[in-house]
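Each remark here refers to the structure printed beneath this line.
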Amino acid sequence: MFSIPGHRSHPSFCKKVIKGQTEVDCLINNTAVQRPLYINDFDLGSGDQDIDINIRGPMAFDDPILGAIQGERCGYSYQHFELAGLAKDVKGKKIKIVEITPLTVATNLHRNPDDITKDKNPDSLKLGEYMDFVKQGFEEDKETVGAGPNFEIVERWSTEFAGDHQKAASG
3 MFSIPGHRSH
13 PSFCKKVIKG
23 QTEVDCLINN
33 TAVQRPLYIN
43 DFDLGSGDQD
53 IDINIRGPMA
63 FDDPILGAIQ
73 GERCGYSYQH
83 FELAGLAKDV
93 KGKKIKIVEI
103 TPLTVATNLH
113 RNPDDITKDK
123 NPDSLKLGEY
133 MDFVKQGFEE
143 DKETVGAGPN
153 FEIVERWSTE
163 FAGDHQKAAS
173 G
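Going by the numbering used here, the sequence shown opens with residue 3, and the numbers climb by one from there.
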């Protein structure tokens, strides 16, 4: 587990990881910085930083890693968004995209760790609880794993809308 600031440094970092760690067969890309947007005093620079972290970063990071593990290796990748296009790009390769949709996970990586404790947010998951949902989803070979309260939402979405989504993505 690591965090690398600056999406421009991701490709060279990824090459070092793949070269030095040939057993890498899994990419877990857990991006999603959620900061409050103060629309009346919005700072475009802050918006650019969120775009770098949540969109440019994952794209710059995923491409070299997925390129290296798609040969004989098998990989799982996930992030909270931007998955439909990625899933279409790797279709037919030995890569499976799994989207994990946690509501809130209590970690120190959150912008305000005190804000996501069970006392302040009863829907917040402890890291162990979150990982139990992830493990169950992987074991059941799911494409979308709902964690915590999102479990029921994902199940409902799969039943009601997944077919429409697949049809739109394949067209």
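Positions of the beta carbon are idealized from the N, C-alpha and C atoms, including for glycine.
This structure is a prediction, so every number in the text was calculated from the model and none was measured.
In angstroms with no decimal places, state the Cα-to-Cα distance between residue i and residue j.
i	j	result
S160	I97	21 Å
I155	H12	33 Å
N56	F163	25 Å
Q168	F15	34 Å
D121	T109	14 Å
Y78	T106	Only weak support is given to the placement of Y78: the predicted model assigns it a pLDDT of 47, under 50, and the value that follows is read from those uncertain coordinates. If you take the alpha carbons of Y78 and T106, they lie about 21 Å apart.
D117	K18	36 Å
P124	I99	29 Å
A70	K93	16 Å
D50	Y132	29 Å
D64	R158	29 Å
V26	K144	22 Å
G43	T146	What sits at residue 43 in the sequence shown is Asp, not Gly. Each residue's Cα considered, the two are about 36 Å apart.
G130	D45	36 Å
S48	D54	10 Å
D134	A170	32 Å
T119	G165	36 Å
T24	K95	19 Å
Helix, strand or coil for residue i, going by three-state DSSP, please let me know.
i	result
E145	coil
T161	helix
V19	helix
F44	coil
K169	helix
E154	helix
V136	helix
Can you check DSSP and say which residues form a bridge with residue i?
i	result
K128	A108
I102	V147
Closest to residue i by CA distance: which of the options is it?
i	options	result
G150	D50, K144, A62, V136	V136
G22	I67, G59, G49	I67
E101	L46, D54, F140	F140
S126	T146, N152, V147	N152
K174	D45, Q138, D166, P104	Absent from the model: residue 174. The displayed extent of the chain is 3 to 173, so no value can be given.
L29	G165, M61, D134	M61
Quick one: does residue i have its CB under 9 Å from some CB of chain C?
i	result
G165	Among the chains of the structure shown, chain C does not appear; only one protein chain is present.
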